[in-house]
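Visitor: Before anything else, here's the structure in question.
Protein chains: 2
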Amino acid sequence: MAFDVFGTVVDWRTSIAREASAFFAAAGVAGIDPHAFADQWRGLYQPAMEACRSGGRPYTRLDVLNRETLETLLTDHGIVADPERVADFALAWRRLDPWPDSVAGLTRLKARFPIVTLSNGNVALMLHLARFGGLPWDAILGAEATGVYKPLPQAYLGTADILGIAPEDLCLVAAHHSDLAAARGCGLRTAYVDRPLELGGTPKPDRRAAQDWDFAADSLTELADKLES
Amino acid sequence: MAFDVFGTVVDWRTSIAREASAFFAAAGVAGIDPHAFADQWRGLYQPAMEACRSGGRPYTRLDVLNRETLETLLTDHGIVADPERVADFALAWRRLDPWPDSVAGLTRLKARFPIVTLSNGNVALMLHLARFGGLPWDAILGAEATGVYKPLPQAYLGTADILGIAPEDLCLVAAHHSDLAAARGCGLRTAYVDRPLELGGTPKPDRRAAQDWDFAADSLTELADKLES
Numbered sequence: 061m062a063f064d065v066f067g068t069v070v071d072w073r074t075s076i077a078r079e080a081s082a083f084f085a086a087a088g089v090a091g092i093d094p095h096a097f098a099d100q101w102r103g104l105y106q107p108a109m110e111a112c113r114s115g116g117r118p119y120t121r122l123d124v125l126n127r128e129t130l131e132t133l134l135t136d137h138g139i140v141a142d143p144e145r146v147a148d149f150a151l152a153w154r155r156l157d158p159w160p161d162s163v164a165g166l167t168r169l170k171a172r173f174p175i176v177t178l179s180n181g182n183v184a185l186m187l188h189l190a191r192f193g194g195l196p197w198d199a200i201l202g203a204e205a206t207g208v209y210k211p212l213p214q215a216y217l218g219t220a221d222i223l224g225i226a227p228e229d230l231c232l233v234a235a236h237h238s239d240l241a242a243a244r245g246c247g248l249r250t251a252y253v254d255r256p257l258e259l260g261g262t263p264k265p266d267r268r269a270a271q272d273w274d275f276a277a278d279s280l281t282e283l284a285d286k287l288e289s
Numbered sequence: 061m062a063f064d065v066f067g068t069v070v071d072w073r074t075s076i077a078r079e080a081s082a083f084f085a086a087a088g089v090a091g092i093d094p095h096a097f098a099d100q101w102r103g104l105y106q107p108a109m110e111a112c113r114s115g116g117r118p119y120t121r122l123d124v125l126n127r128e129t130l131e132t133l134l135t136d137h138g139i140v141a142d143p144e145r146v147a148d149f150a151l152a153w154r155r156l157d158p159w160p161d162s163v164a165g166l167t168r169l170k171a172r173f174p175i176v177t178l179s180n181g182n183v184a185l186m187l188h189l190a191r192f193g194g195l196p197w198d199a200i201l202g203a204e205a206t207g208v209y210k211p212l213p214q215a216y217l218g219t220a221d222i223l224g225i226a227p228e229d230l231c232l233v234a235a236h237h238s239d240l241a242a243a244r245g246c247g248l249r250t251a252y253v254d255r256p257l258e259l260g261g262t263p264k265p266d267r268r269a270a271q272d273w274d275f276a277a278d279s280l281t282e283l284a285d286k287l288e289s
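Quick note, the sequences are listed as chains V and X, same order. Counted from 1, the first sequence has number 177 at position 117 by the working numbering; the numbering is strictly sequential. Counted from 1, the second sequence has number 208 at position 148 by the working numbering; the numbering is strictly sequential.
Here is the structure:
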């Protein structure tokens, strides 16, 4: 089983807002809503990856893209801060809390199936995130291992290839219909996990892309229930 | 900390001999010493990788090389067996027992440092080996992640690069002086773990390459003792 991570396994928005609050306090910045800042930072994520996906830029690790988009955002807000503090804040994506069911759900799923990441996060980011939250991955695959960002087909197909299995023997678990649709297009099986609080309760932009996925659950523990029965 | 695996973390010779015995019994083969067969199979390992290292052949996963060398060896012995059984035996390298101290030692080291593989085994092989023996890796790196076999420098340097750290911040743990020498040549730190039974008690061919390594221990638990003190 392969997992999307940001939003599916970890609650990036609450965690980035927490890190933003600490950063603003240390930098003496007032008047910026930390959740809005988290949304803005995340908003720069797809365009940054798109430059790599389109072939205009070689594959560049997400840690690097996050640093660049953070600097853009700080400039937009007129914030000047100590470079070391900015570098540390840029790595906030390595310190995101799992959703409350994630560790228990992954641990149960791991007892039956190999569990790997199929995230756009790079290996070092995913490794530190796993250690931060206790995520028991068998391997860290996805964008860096395949050299391309989702939803390009090679991210899904290359992950199955590295695992030495056919695409139909790999199931993507994700909270995003667009991700699952791309995986299904490559022949993978699909499991949707609903994460209504990913954007703080705001509906997801890709809800119109919903399909009848192979599995659907409200948590990773519920997904484990369904796969054990 | 990055770990060599075959011989350092797992006892390949005893495990392959066990699998060979079962294979010979099922195939009705008599008169071949299973430990000698394990040594012969392992003996074809370096030449097979050398074809990739020399540039004569693109990087090819060890699972594939093991299948090829097994078929060569079976032909040499005049053994004809069911292809499915041969395919399963070729994957015996995914089912090797850890040395008695490995899981406890790795678990203790993981509490302090990220622990990754820096092995010539491919990702799927390493993943199944980890699940077979309960090896708690944070990530599976090494040959497949870097696209080259040890002891080429890029295997060591590329692993550090993926981790986002300088070579001197990575320590290779290995039972083979030749591996440690190559790692040191790339600027990595080095930890030697003595595994006198790797070849069943026969002295190691690379013992003349011994150096004064940064750390040395008789087991991974002893290495943990030294690094915790």
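C-beta: ideal position from N, C-alpha, C; glycine also. Here the structure is a predicted model, which is why all the values come from computation and not from measurement.
What does Pro158/V pair with, by DSSP beta-bridge criteria?
Guide: Val70/V, per the DSSP bridge assignment.
Visitor: Does the Cβ-Cβ distance between Leu280/V and Ser114/V come in under 8 Å?
Guide: Taking 8 Å as the Cβ cut-off, Leu280/V and Ser114/V do not qualify as a contacting pair.
Visitor: Do Pro94/X and Ala77/X have their C-beta atoms closer together than 8 Å?
Guide: A contact, by the Cβ cut-off of 8 Å.
Visitor: Can you pull the chain A neighbours of Pro174/X, defined as C-beta to C-beta under 7 Å?
Guide: The structure shown contains no chain A; its protein chains are V and X.
Visitor: What beta strand (DSSP E) runs, 3 residues minimum, are completely inside the stretch 220–244 of chain X?
Guide: As far as the stretch 220–244 of chain X is concerned, its whole beta strand (DSSP E) runs of at least 3 residues are 231–234.
Visitor: Check whether the stretch 176–194 of chain X and the stretch 140–158 of chain X are in contact - that is, three or more C-beta pairs closer than 8 Å.
Guide: Yes, they touch.
Visitor: Any Cβ of chain V within less than 8 Å of the Cβ of Asp64/X?
Guide: No, no contact with chain V.
Visitor: So, does the stretch 127–135 of chain X touch the stretch 227–240 of chain X, judging by three or more C-beta pairs under 8 Å?
Guide: The stretch 127–135 of chain X is not in contact with the stretch 227–240 of chain X.
Visitor: Measure the alpha-carbon distance for Pro118/V versus Ala86/X and round it to whole angstroms.
Guide: Going by the C-alpha atoms only, they are around 51 Å apart.
Visitor: Give the DSSP-derived three-state secondary structure of Arg268/V in the structure shown.
Guide: Correct three-state label for Arg268/V: helix.
Visitor: Give me the DSSP bridge partner(s) of Tyr252/X.
Guide: The partner list for Tyr252/X (beta bridge, DSSP) reads Ala234/X and Ala276/X.
Visitor: Using the three-state DSSP reduction, which class does Val176/V fall into: helix, strand or coil?
Guide: Val176/V falls in the strand class under three-state DSSP.
Visitor: With a threshold of 16 other CB atoms inside 10 Å of the CB of Ile225/X, please say whether the residue is buried or exposed.
Guide: Exposed, because fewer than 16 other Cβ atoms sit within 10 Å of the Cβ of Ile225/X.
Visitor: Anyone know if the C-beta pair for Phe275/V and Lys286/V falls short of 8 Å?
Guide: Going by C-beta atoms, Phe275/V is nearer than 8 Å to Lys286/V.
Visitor: Please report the straight-line C-alpha distance between Ala242/V and Arg255/X, rounded to a whole angstrom.
Guide: Cα-Cα distance, rounded: 47 Å.
Visitor: Quick check on the DSSP output: the beta strand (DSSP E) that includes Leu201/V runs from which residue to which?
Guide: From DSSP, the beta strand (DSSP E) with Leu201/V extends over Ala199 to Gly202.
Visitor: What are the complete alpha helix (DSSP H) segments, minimum 4 residues, inside the stretch 92–139 of chain V?
Guide: Runs of the alpha helix (DSSP H) inside the stretch 92–139 of chain V: 94–103, 105–113 and 122–136.
Visitor: What does Leu223/V reach in chain X if we use C-beta pairs closer than 9 Å?
Guide: Under the 9 Å cutoff, chain X gives Val183, Ala184 and Leu187.
Visitor: In this structure, does DSSP put Ala90/V in helix, strand or coil?
Guide: Of the three classes helix, strand and coil, the one that applies to Ala90/V here is coil, per DSSP.
Visitor: Can you check whether the CB of Thr177/V is closer than 8 Å to the CB of Gly207/V?
Guide: Result no, Cβ atoms of Gly207/V and Thr177/V do not sit closer than 8 Å.
Visitor: Answer with yes or no whether the minimum CB distance from Ala171/V to chain X is below 8 Å.
Guide: It does not; no Cβ of chain X falls within 8 Å.
Visitor: Looking only at DSSP bridge pairs, what is Phe63/X linked to?
Guide: DSSP output for Phe63/X lists Thr177/X and Val233/X as bridge partner(s).
Visitor: With Ala147/X as the anchor, note down where its alpha helix (DSSP H) starts and where it stops.
Guide: It spans Pro143 to Ala150 - the alpha helix (DSSP H) in which Ala147/X sits, taken as one unbroken run.
Visitor: For Ala164/X, I'd like the list of residues in its chain whose CB is within less than 6 Å of its CB, leaving aside the five on either flank, ordered along the chain.
Guide: Counting only Cβ-Cβ distances below 6 Å, and skipping sequence neighbours, we find Thr281.
Visitor: Compute the Euclidean distance between the alpha carbons of Gln106/X and Trp273/V, then round it to the nearest angstrom.
Guide: Taking the straight line from one Cα to the other gives about 46 Å.
Visitor: Secondary structure at Thr206/X, three-state DSSP: helix, strand or coil?
Guide: Helix at Thr206/X.
Visitor: For Pro211/X, which residues of its own chain have a beta-carbon under 7 Å away from its beta-carbon, when the five flanking residues on both sides are left out?
Guide: Around Pro211/X: Ser238, Asp239 and Ala242.
Visitor: Could you pull out every residue in the same chain whose Cβ sits closer than 8 Å to the Cβ of Glu288/V, ignoring the five residues on either side in sequence?
Guide: Once the five neighbours on either side are set aside, the close Cβ partners of Glu288/V are Arg168 and Arg172.
Visitor: Rounded to whole angstroms, what is the Cα-Cα separation between Phe149/V and Ala251/V?
Guide: For Phe149/V and Ala251/V, the distance between alpha carbons rounds to 32 Å.
Visitor: For the stretch 113–144 of chain X, which residues have a CB atom closer than 7 Å to at least one CB atom of chain V, in sequence order?
Guide: Per Cβ criterion, the list reads Asp123.
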